[in-house]
Structure formats: C-alpha cells, structure tokens
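In the numbering used here, the protein residues as written are 2 to 165. Ideal Cβ placement from N, Cα and C applies to all residues, glycine included. Keep in mind it's a predicted model, so treat the numbers as computed, not measured. Comments concern the structure below.
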Amino acid sequence: MKTLINCLLIFFIVLSISFKGYSRSLAGKLDAQNDAGVAKKLNVTTTNMKVNATELMTLDKLEQPENPEVNGVIKHIKRDKRELLVTMPFDQHTMHLPCDLDQRGRHKIIPLMPNHCIWVWNNKFSHVGFYRVFKIYQLEGFFFGQYYERLKRYEIDPHTWGYG
C-alpha cells in the first residue's frame, strides 16, 4: 500500500513539473502562417463583418459585408447611483427603541420583536441602504441592548463574596 502511495506521489510530482502541467501559463504567439492555415480550414471570406449572437446567419447576409463604423469616441453610459439612504416610516423615538438583533438565534425570536425590528429584518436584503440600517440596528443592539445592560449592572452593582 505504501509503495502505491509513493508511486502516485512521484507521478503527481512529475506531472506538475512537466511543461504541460503548468495550467496558468499564457499561450504563445501564433504565427502568420498558422493564421492563414486556420483561415483556409474555416473558409473565412469576410473579415470586417459584425456578428450578432442572436441573429441567424443566412447566405444572403454572408455575401453582403457591412460597412464597419469607425468611431474613436467611446460613449459613456451614465448609471444611476445605488440608493444608500432609506426613508424610515418611523419617528425618531420608534427607530431607536431596543432591537436585540445582535444575539444568537434571532431568526427564531423575530416574530416576538417589535414591529420596526421585524420590518428591518424582512427588508435587510432589499438593497444596500436597508442592509446598512440592519447593521446599524445590530450595532445599537450590541452597544445598548440587554446584554450590555446586564454587563453594566454586573460592573456597577457591588459584589459580596461569602468567604466565611
């Protein structure tokens, strides 16, 4: 068994060292003769023809080459920016009511949370703005939630140890 594993290991080392084993190397430059040979094999007659992937190529279209339009200016397509700000349908007080979205198993207790927490939970993957609001609620839950209050009470309340 050990001999078989050693033979396979040697085979894989030789395979990785061989010149065909390099999968990330770039292809070499093609010769002009090779291009001519490929063109003869493919029987290419028109070179300046636009091909549309959704259009069927018929014999009439192959015989009539299009005049290529040469335009040196690249047209910039303006895209709308992503919506980052969310208009929350709650007032300031309701938005900052406690949402303990930082605790484990929150997917099980979401129906028991206040409505604004459920709304944020349901819309968190709608777009970037809602996800940002969800993360802010998580951060507020971490800093100002029940777990934080329990830690603060533990630090502030006096401790007594009954050693005797």
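How far does the alpha helix (DSSP H) with residue i in it reach, from first residue to last?
{"i": "N123", "result": "116–123"}
{"i": "Y155", "result": "147–157"}
{"i": "I75", "result": "Premise fails: I75 is in no alpha helix (DSSP H) and is neither H nor E."}
{"i": "C8", "result": "3–18"}
{"i": "T95", "result": "93–96"}
{"i": "H108", "result": "107–110"}
Report the rounded CA-to-CA distance for residue i versus residue j, giving the unit in angstroms.
{"i": "R133", "j": "M114", "result": "19 Å"}
{"i": "G130", "j": "G146", "result": "23 Å"}
{"i": "Y164", "j": "E150", "result": "28 Å"}
{"i": "R1", "j": "Q104", "result": "Given a span of 2 to 165 for the chain in the structure shown, any question on residue 1 remains unanswerable."}
{"i": "K76", "j": "S17", "result": "46 Å"}
{"i": "T161", "j": "F144", "result": "27 Å"}
{"i": "T95", "j": "G106", "result": "23 Å"}
{"i": "T4", "j": "H108", "result": "53 Å"}
{"i": "P112", "j": "N124", "result": "14 Å"}
{"i": "I6", "j": "I14", "result": "12 Å"}
Does the separation of the CB atoms of residue i and residue j fall below 9 Å?
{"i": "W120", "j": "L102", "result": "no"}
{"i": "E141", "j": "H97", "result": "yes"}
{"i": "C118", "j": "Y138", "result": "yes"}
{"i": "H128", "j": "R83", "result": "yes"}
I want to check one thing, is the minimum distance from the CB of residue i to the heavy atoms of the ligand ADP below 8 Å?
{"i": "C8", "result": "The ligand ADP is absent from the structure shown, which contains no ligand whatsoever."}
How should residue i be labelled, buried or exposed, when 16 other C-beta atoms within 10 angstroms of its C-beta is the threshold for buried?
{"i": "C100", "result": "buried"}
{"i": "F91", "result": "exposed"}
{"i": "F126", "result": "exposed"}
{"i": "F12", "result": "exposed"}
{"i": "F135", "result": "buried"}
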